[in-house]
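Residue numbers (this note's numbering), protein chains in the order written: chain A, 1 to 93; chain B, 1001 to 1220. Read through the structure below, which is laid out as structure tokens, and then see the notes.
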Amino acid sequence: MKTKILPFVGVFLAAMPDIARACSVCFADSDDAVSQAFNWSIAFLMAAPYAVVGSIGGSLFYFYRRAAVKRERAKDAAKPVIELSWHQEENGR
Amino acid sequence: MLKSSAARKFDETTSATEIRRPGFGGGDRPPPVQPNAPVLNNAHLAVLMLLGAEVMFFAGLIGAFLVFRLSASVWPPPFQPRLPTGVTGVNTAILLASAVTMHLSVRNARAGAIAALVRQLTMTALLGAVFLVVQGYEWVRLIHFGLTASSSVYGGMFYALIGAHGAHVFGGLIWLFVVWIQARRRRFSKSGYAGVQTAAMYWTFVVALWPVLYGLVYLY
């Protein structure tokens, strides 16, 4: 019974766009200056965390890559010019 | 020759060309020793987190300012004193100059030039103090002309935004003073100057934020 009624309820709600779009905190028209100001402010505040986390993440990635390059250079510099080895025959014993 | 001599006996199973590595009993070369240092200094990471939080704090204030600024048909509102854009422009240049001296102090710390480091830190703090004094003087004049935090939304937002920045500059001056004392006591060296770097990170944030606020509040 419920599965038969639900599609009708859905179509009924979709056919009444004014009720479906009602917002409990809307107080002005969508093209009012106040609404536009709020939209811009909300967009700015939504973008801010992405900018902050992106900057911090980018900085960490940059420092990690710089440290990796430094480690590679230190490894290359630590390679011995001559490989020392110990042969029994060479020590004279 | 006695057979029971004390001469060392050869292990004939070892070939002549086999290389014996002392101390490890054979096998591959041991891996190179890697320094156990973090990729990023802990102090730098901590200040980065602090700056992220401060950016979000100012983003909230700027968002509130944008609502009032963009929804107003006339800005600044009528019957409100006009802001001193000229004097504050010069003040902006003074604060930007303090960022240059702060950068120079980090360079001196990296080079181990402690006397020059102390000099540049002194210049930075002086320039920051001049900025605050000029801002304070202008505030007194604005209050005298009737722009207070309760006079209008314009006044309230002005003092909230600029006052928050001023409080951060004051906190930065205290931080610089502590670093200055440590520098005079020769606590920093070529290999250890994280204190100077972290102070520079915070001061750079405070200085870089000011042109944004000046443009939004004074000019826009």
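Backbone N, C-alpha and C fix where the C-beta goes; we use that ideal spot for every residue, glycine too. The structure presented is a predicted model; accordingly, all values stated were derived computationally and were not measured.
query, result
"Mind pulling the chain A residues with CB within less than 7 Å of B:V1039?", "F63, Y64, A67"
"Which residue's Cα is closest to the Cα of B:I1114: B:A1046, B:L1216, B:W1180, B:L1219?", "B:W1180"
"Where are the alpha helix (DSSP H) runs, 4 residues long or more, that stay fully inside the segment 1078–1152 of chain B, in chain order?", "1085–1111, 1114–1144"
"At a Cβ threshold of 7 Å, is B:L1066 touching chain A?", "yes"
"Counting only beta-carbon separations shorter than 7 Å, does A:A77 have a partner in chain B?", "no"
"Check whether the Cβ of B:G1215 lies closer than 7 Å to any Cβ atom in chain A.", "no"
"Is the separation between the beta-carbon of B:F1188 and that of B:V1196 shorter than 7 Å?", "yes"
"Just to confirm before moving on: does the CB-CB distance between B:G1156 and A:L45 stay below 7 Å?", "no"
"Is there at least one Cβ from chain B nearer than 7 Å to A:S41's Cβ?", "yes"
"Give the secondary structure of A:A33 by DSSP, where H, G and I count as helix, E and B as strand, and everything else as coil.", "helix"
"A:T3: buried (16+ other C-beta within 10 angstroms of its C-beta) or exposed?", "exposed"
"Does the separation of the CB atoms of B:Y1202 and B:G1172 fall below 7 Å?", "yes"
"Of the residues B:P1211, B:G1112, B:M1049, which one's Cα is nearest the Cα of B:S1191?", "B:G1112"
"On the criterion of 16 or more Cβ atoms from any shown chain inside 10 Å, does B:G1128 qualify as buried, or is it exposed?", "buried"
"For B:L1075, name the three-state secondary structure that DSSP assigns.", "Residue 1075 of chain B is actually Trp in this sequence, not Leu. Here B:W1075 sits in coil by DSSP."
"In angstroms with no decimal places, state the Cα-to-Cα distance between B:L1216 and A:S30.", "25 Å"
"Is B:V1153 near B:F1068, with beta carbons less than 7 Å apart?", "yes"
"Using 8 Å for Cβ pairs, my map puts B:A1125 next to B:L1051. What's the rounded Cβ distance?", "With a Cβ gap of about 20 Å, B:A1125 and B:L1051 do not count as contacting."
"How would you label B:S1150, buried or exposed, when you count the other beta carbons within 10 angstroms and need 16 or more for buried?", "exposed"
"By DSSP, does A:M16 sit in helix, in strand, or in coil?", "coil"
"So, under 8 Å CB-CB, B:L1083 and B:S1105 are touching, yes? Tell me the CB distance rounded to an integer number of Å.", "That pair is no contact at about 32 Å."
"Within 7 Å (strictly less), CB to CB, does A:I5 reach chain B?", "no"
"Which residue from B:G1136, B:L1070, B:V1055, B:A1093 puts its Cα closest to that of B:Y1220?", "B:L1070"
"At what residues does the alpha helix (DSSP H) containing B:P1211 begin and finish?", "1194–1213"
"Is there a C-beta anywhere in chain A that falls below 7 Å from the one on B:V1055?", "yes"
"Secondary structure at B:K1190, three-state DSSP: helix, strand or coil?", "coil"
"Of all Cβ atoms in chain A, is any one closer than 7 Å to the Cβ of B:G1052?", "yes"
"With a CB to CB cut of under 8 Å and the five nearest residues on each side skipped, what residues in its chain are close to B:P1076?", "R1082, L1083, Y1154"
"Buried or exposed: B:I1162, going by 16 or more other Cβ atoms within 10 Å of its Cβ?", "buried"
"Are A:V53 and B:V1055 close, meaning C-beta to C-beta below 7 Å?", "no"
"With 16 as the cutoff for other CB atoms within 10 Å, does B:S1073 come out buried or exposed?", "exposed"
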